[in-house]
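S.K.: Note that this note's numbering has the sequence shown beginning at -6, numbered continuously upward.
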Amino acid sequence: MEQFAKLKSEAQSLSAGFVFSDRITYALFRAIQDFSTLDRARTRGVFTLDSPIPDIENLEYTKQELRAALIRLVEEGLAAQVFLIEHDAERRELFLRPCYVARPGNVDYSTEHIFEELMRQSASSIQSFIETLPPIDPEALREQLVRNSQSAGATPDSLGGNLLINPVKSIVSVSFDLLPPESLLSEGRKQIVTILKKRNAIIELTGLGYMPVRADDVQTRYEVAAAVLREKAIGLAGANTELINELMRVQREEESYIARSFVPGNTEYSVRRANLIKSHLSEPGESDLPYPGALACEIVLHASGPTQRLYTSKWEKEMDDVYSSILEPLRRPDVHPTQQIRYFNESMVDQIPGIVWQRLTTSPSLLFGEWETSVGTVRILMRKDANVVRHLVDAFAQLPASEQWKILALRNLIDAHPEVFQTLFQRKDFKDSYGQLLRTAYWPLIPWYIRLFLAIGFRGLQDNGFARAKAKIAEEQRDLAESNRRRRDAALLASKRATQSEPSSQRESANRMPIGKKLELVMDHLYFGQLKPPILPEVFAHMDGVSTMDLESHLNEAGYRFIPVEDGDMVLYPVDQEWRIRAARLRRVYENYEADPSDAPGIAGRVEALNKLLSRSFSEAQKAGRGSGHREEEPLLY
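#1: Taking the continuous alpha helix (DSSP H) assigned at T260, which residues delimit it?
#2: Kindly indicate which three-state DSSP category D482 falls into: helix, strand or coil?
#3: Kindly provide the ranges of any alpha helix (DSSP H) runs that are 4 or more residues long and lie completely inside the region 39 to 126, ordered along the chain.
#4: Just curious, the alpha helix (DSSP H) that M542 is in, first and last residue?
#5: On the DSSP bridge list, what partners appear for V371?
#6: In whole angstroms, what separates the C-alpha of K1 from that of L134?
#7: Report the rounded CA-to-CA distance for S249 versus K511, giving the unit in angstroms.
#8: Which residue or residues does DSSP assign as beta-bridge partners of E197?
#9: For F337, list the residues DSSP reports as bridge partners.
#10: Can you tell me whether H329 is buried or exposed, with buried defined as 16 or more other CB within 10 angstroms of its CB?
#11: Spell out a yes or no on whether the region 248 to 266 and the region 318 to 332 are touching, meaning 3 or more CB-CB pairs, one atom from each, closer than 8 angstroms.
#12: Check R619 in the structure and name its three-state DSSP category.
#13: For the beta strand (DSSP E) containing V558, list its first residue and its last residue.
#14: Decide if L36 is buried, meaning its Cβ has at least 16 other Cβ atoms within 10 Å, or exposed.
#15: Taking a contact to mean a Cβ-Cβ separation below 7 angstroms, would you say N338 touches G362 in this structure?
#16: If you check the beta carbons only, do T234 and P131 fall under 7 angstroms apart?
#17: State the Cα-Cα distance for the pair E239 and L269, rounded to the nearest angstrom.
#18: Under 6 angstroms Cβ to Cβ from P257, same chain only, skipping five residues before and after it: list those, please.
#19: Measure the C-alpha to C-alpha separation of S358 and L323 and round it to an integer number of angstroms.
#20: According to DSSP, G228 sits in a beta bridge with which residue or residues?
#21: Suppose you measure from the CA of A597 to the CA of D562; what does that come to, to the nearest Å?
#22: Which residues in the same chain as I348 place their Cβ atom closer than 8 angstroms to its Cβ, once the five residues preceding and following it in sequence are excluded?
#23: Going along the chain, which residues of its own chain have a beta-carbon closer than 8 angstroms to the beta-carbon of S176, five neighbours each way excluded?
#24: Looking only at its own chain, which residues have a Cβ that is under 6 angstroms from the Cβ of I334, when we skip the five neighbours before and after it?
#25: So, is D422 buried or exposed, given that buried needs 16 or more other C-beta atoms within 10 angstroms?
#26: What residue does the alpha helix (DSSP H) around D313 start on, and which one ends it?
#27: Quick check on DSSP: helix, strand or coil for L156?
#28: Under the assumption that L77 contacts R90 (Cβ atoms under 8 angstroms), give the Cβ distance between them as a whole number of angstroms.
#29: If you drop the 5 nearest sequence neighbours on each side, which residues of the same chain put their C-beta closer than 6 angstroms to that of E105?
#30: Could you tell me the distance, in whole angstroms, from the CA atom of R432 to the CA atom of Q397?
#31: From the DSSP output, read off the bridge partner residues of G561.
#32: With DSSP run on the structure shown, which of helix, strand or coil describes I528?
#33: CA-CA distance, Q351 and I119?
#34: Look at the Cβ atom of L171, then the Cβ atom of Q26, and state whether they are nearer than 7 angstroms.
#35: Between the region 190 to 204 and the region 154 to 165, do at least 3 Cβ pairs fall closer than 8 angstroms?
Dropping the structure here:
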């Protein structure tokens, strides 16, 4: 800035004829110069009119004399007035401290650098202030957004609360000791806003103002705005047929995405919806001017980035948790080796996110194999450890005939990874045990007449019999693999055809999602998105387009449970084939629950009731599991 460029050193000023005519002026200049360093700025050690002046600490002088000396230094270009914004945590407000700098004696930086550092410190104060703002009230926010969607007349000043803030409101002339140049105010505001934007502390809502961003409520702001926009979009479009058609296409694609399994939250569709409304409703060339629904649109457009990062981070953590919950029992040292192999039928694999399954099958600590059966493909995961196979060979000797396919599946794993088991086959006792185990599995597959010769002690046909058994196994596996592949392909094709043949009219599109699927999505959103176990009226409130009678009927038919709590009946998932999976996820999410002061009354009681039920459920499951000889057939827990 010009005022910094004109600052002089003491030598330059003296050579130009300036004379320090009194002790106060010179002492003041020396004190300001001592404070004019980057290190002082970084620690907010700034010089103000209240700062001590060592050279005249024993001299009596008035505030007016000090002010007159300061004006003389500023006019001569030996000092410049700047400022620092600070946060009063007790009063929860920001205030401006006018301060002064001189040309620094260090040639490595300039007065401009000191000013920029003061602006960074000011931005940090504003961030601290933002963190003390009360959490956003979703209902109050919704009311404001609905009101704004009905009229473009809602200005930032009339929106109230902490929805929008002016982070540089305190930078005004009256807060300074001396009248500041306008360039100082405008440059300071500009730098602070730029810094806050880069730090993702504020979002500029075009034509409206600045929205504070906090990790604990940016998602709430986005989701409330996105919900209002989804609800009001068609109404905002009015008679604009082109816009209505575009909005309906976005709605169909969004529903299709939501219906998919194991996908993260996605802000794409709300952003597209907001852009469509903005482009059609804002005046040409005047997109900064408010229009009906502008507030919801701008929040969606600018809060979508941080929210998407939160969605992705949460989804990645969930995937990591699922991955660890399956992997860890297979490689924990305290688990018996015979429990370090798991069998997954096709329906169990379908319950595992694809990205997690891929990580499991390529994990360097596991071995992966497949075995074809008449009812589908069984996938196998086993700890990559020769000791596991040694124990399995001993344990598999006791398998009933119906499970002896596990012996052949184990042989496939061993044959596919000879380098892992090389040392094991150097032990004669293992080779004998393994050979006898394979003989047990091969025996029923050897032609009866060869078995007859072998039974009476004629060993000459033994190798031939085993070769025939192996060939029969290989042929059966090929045939079953092809049959299972065709069945899966046919099911996938039928699913695609069903999707393509769905009606596309507005009414049918809005209602095509089955009640059951919609209810699952609502329950998942309430339990895992909002972290608020719902009572019956709250579930009803989220089931748009579904009558109370239809919903009650479905809840009863599907076996949803109602748990009495202090504020009503809490709705819980049914005990079906997915209950253990959901129960494990619920337990992981709620076992360390801490009450939030902003939670509605009764939430803590619902969580307590839920945890008691889950604890009892898991205790009973563990008791049942200890007596089971077929753990691989139990529903997968994660």
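Where a beta carbon is used, it is the ideal one built from N, C-alpha and C, also for glycine.
M.R.: On the basis of the data shown:
#1: Segment: none, T260 is in no alpha helix (DSSP H) and carries neither H nor E.
#2: helix
#3: 56 to 69 and 104 to 125
#4: T541 to E550
#5: W364
#6: 53 angstroms
#7: 12 angstroms
#8: Y203
#9: R372
#10: exposed
#11: no
#12: With a pLDDT of 44 at R619, under the threshold of 50, the modelled position of that residue is not reliable, and the figure given next carries that caveat. Three-state DSSP puts R619 in a helix.
#13: R554 to V558
#14: Strictly speaking, residue 36 in this sequence is Thr, with Leu absent from that position. Burial call: exposed.
#15: no
#16: no
#17: 8 angstroms
#18: Y304, T305 and W308
#19: 9 angstroms
#20: None; G228 has no bridge partner.
#21: 14 angstroms
#22: F255 and M312
#23: M(-6), E(-5) and Q(-4)
#24: M375
#25: exposed
#26: A287 to R324
#27: coil
#28: 5 angstroms
#29: F(-3)
#30: 11 angstroms
#31: V558
#32: strand
#33: 45 angstroms
#34: no
#35: yes
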